[in-house]
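A short write-up of the structure that comes next.
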């Protein structure tokens, strides 16, 4: 089993994984996805996998000052949000990074955090 840890100092995120330390600028994180007990950290440099970590734990460690939870499985970085399609509850990300669903229980708080209401 691989051991992974993550921490943040100011605008830099540090990952310790498989004996390597990976440094990321916090603004390079596009969104974070949780699926099958694994965190998928989608960045401009690619996708990093962090096994056996919850979305809540990574949100706490990285801080909630730059990520918005829009779904039980997603945290999104607002600087990459291009538009929100209300009728489909979908966020379209800038630069063709894809789209992310907005859960009905998270819609109101997401819109408040994004100042869309």
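Residue numbers (this note's numbering): 2 to 118. Don't be surprised by glycine CBs; every beta carbon is placed ideally from N, CA and C. The model shown is predicted, which means the values in this text are computed figures rather than measured ones.
Among the options, nearest to residue i - alpha-carbon criterion
i	options	result
residue 52	16, 109, 92, 10	16
residue 35	110, 102, 108	102
residue 33	105, 112, 99, 106	99
residue 56	44, 96, 77	77
residue 20	82, 12, 7	7
Residue range of the unbroken beta strand (DSSP E) whose run includes residue i
i	result
residue 73	Where residue 73 is concerned, there is no enclosing beta strand (DSSP E), given that its DSSP letter is neither H nor E.
residue 26	21-26
residue 100	100-102
residue 32	30-36
Span of the alpha helix (DSSP H), counted from its first residue to its last, around residue i
i	result
residue 108	108-115
residue 59	56-63
Residue i classed as buried or exposed, judged by whether at least 16 other C-beta atoms fall within 10 angstroms
i	result
residue 116	exposed
Residues near residue i in its chain [Cβ-Cβ closer than 8 Å; skip 5 each side]
i	result
residue 50	39, 40, 41, 42
residue 91	85, 100, 101, 102, 103
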